[in-house]
Amino acid sequence: MKKLFIIVLLSFIAVFAEAQVATSLDSLKKEILALDEYVQNIDLRMESSKSRFQAGIIVSTIGYSTVITGGLMLGRENDQLGQALLVTGGITGIVGTYLLTDAFRLLAGKKDKRKKKR
11 MKKLFIIVLL SFIAVFAEAQ VATSLDSLKK EILALDEYVQ NIDLRMESSK SRFQAGIIVS
71 TIGYSTVITG GLMLGRENDQ LGQALLVTGG ITGIVGTYLL TDAFRLLAGK KDKRKKKR
């Protein structure tokens, strides 16, 4: 009788342990699938913001190089041209910086305010 009780008790423990392992494996699978979906979403955002990053870097570089060129021309015979280059280079640099921050916003996954209003 004692052996039968021990066998029944051990079988209950084995069934209960197997159920817990199956439950933890299912939750682990769900967690892995959710993580995989999250990584794919990051990859998609990175790919879509890549061209904006490149455009922002190019425009900023051109703009701030123009500012440096204009600054070097100040106080010489092309003073007015230097002033014009300072202004246009500054504006171009600011536009490039805006493109970079817009690409960062897209990468972070924040909603675009302009698309909400439409």
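Mapping of the sequence shown onto this note's numbering: residues 11 to 128, in sequence order. Note that the Cβ used here is the ideal one computed from N, Cα and C, for glycine as well.
Check	Outcome
Taking 8 Å as the limit between beta carbons, can you name the residues of its chain near methionine 83, skipping five residues before and five after?	Asp89, Leu91, Gly92 and Leu95
Between isoleucine 67 and arginine 55, what straight-line distance do the alpha-carbon atoms span, to the nearest angstrom?	18 Å
Using a Cβ distance threshold of 8 Å, determine whether the stretch 58 to 76 contacts the stretch 111 to 118, with at least three qualifying pairs required.	yes
With DSSP collapsed to three states, give me the class of asparagine 88.	coil
Do threonine 102 and isoleucine 72 have their C-beta atoms within less than 8 Å of each other?	yes
In three-state terms, what does DSSP make of glycine 80?	helix
So, is valine 49 buried or exposed, given that buried needs 16 or more other C-beta atoms within 10 angstroms?	exposed
With burial defined as no fewer than 16 other Cβ atoms inside 10 Å of the residue's Cβ, what is the status of glycine 99: buried or exposed?	buried
Between glycine 80 and the rest of its own chain, which residues show a CB-CB distance below 6 Å, the 5 nearest in sequence each way excluded?	Gly92, Leu95, Leu96 and Gly99
Taking 6 Å as the limit between beta carbons, can you name the residues of its chain near leucine 35, skipping five residues before and five after?	none
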